[in-house]
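Student:
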Amino acid sequence: MGIMRNIEARKEKGDKEAKLAFEMCAYRIKSILGLTW
Numbered sequence: 002m003g004i005m006r007n008i009e010a011r012k013e014k015g016d017k018e019a020k021l022a023f024e025m026c027a028y029r030i031k032s033i034l035g036l037t038w
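Each residue of the sequence shown is one higher than the last, beginning at 2 in my numbering.
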């Protein structure tokens, strides 16, 4: 999860690419959890 910490830190500084990466990862996790629960 070290990569996610880096992405989150960059997102907090206003990095648009990091924000997109964070949102894509969150979407992927939600869709995986939705399939298994």
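C-beta atoms are modelled at their ideal positions from N, C-alpha and C, and glycine is treated no differently. As the structure is a computational prediction, the values presented were derived from the model and not from experiment.
Compute the minimum distance between the beta carbon of Glu9 and the heavy atoms of the ligand COA, and state whether it is under 7 Å.
Tutor: Inclusion of the ligand COA in the displayed structure is not the case, the ligand content being empty and no account of it being possible.
Student: For Ala22, collect the residues of the same chain with a Cβ closer than 7 Å to its Cβ; drop the 5 residues on either side in sequence, then sort them by chain order.
Tutor: Ile8
Student: Would you mind reading off the limits of the alpha helix (DSSP H) that contains Gly15?
Tutor: Unbroken run through Gly15: none, as it is neither H nor E.
Student: If distances are taken between C-alpha atoms only, which option among Ile30, Ser32, Lys12 comes closest to Lys20?
Tutor: With distances taken between Cα atoms, Lys20 lies closest to Lys12.
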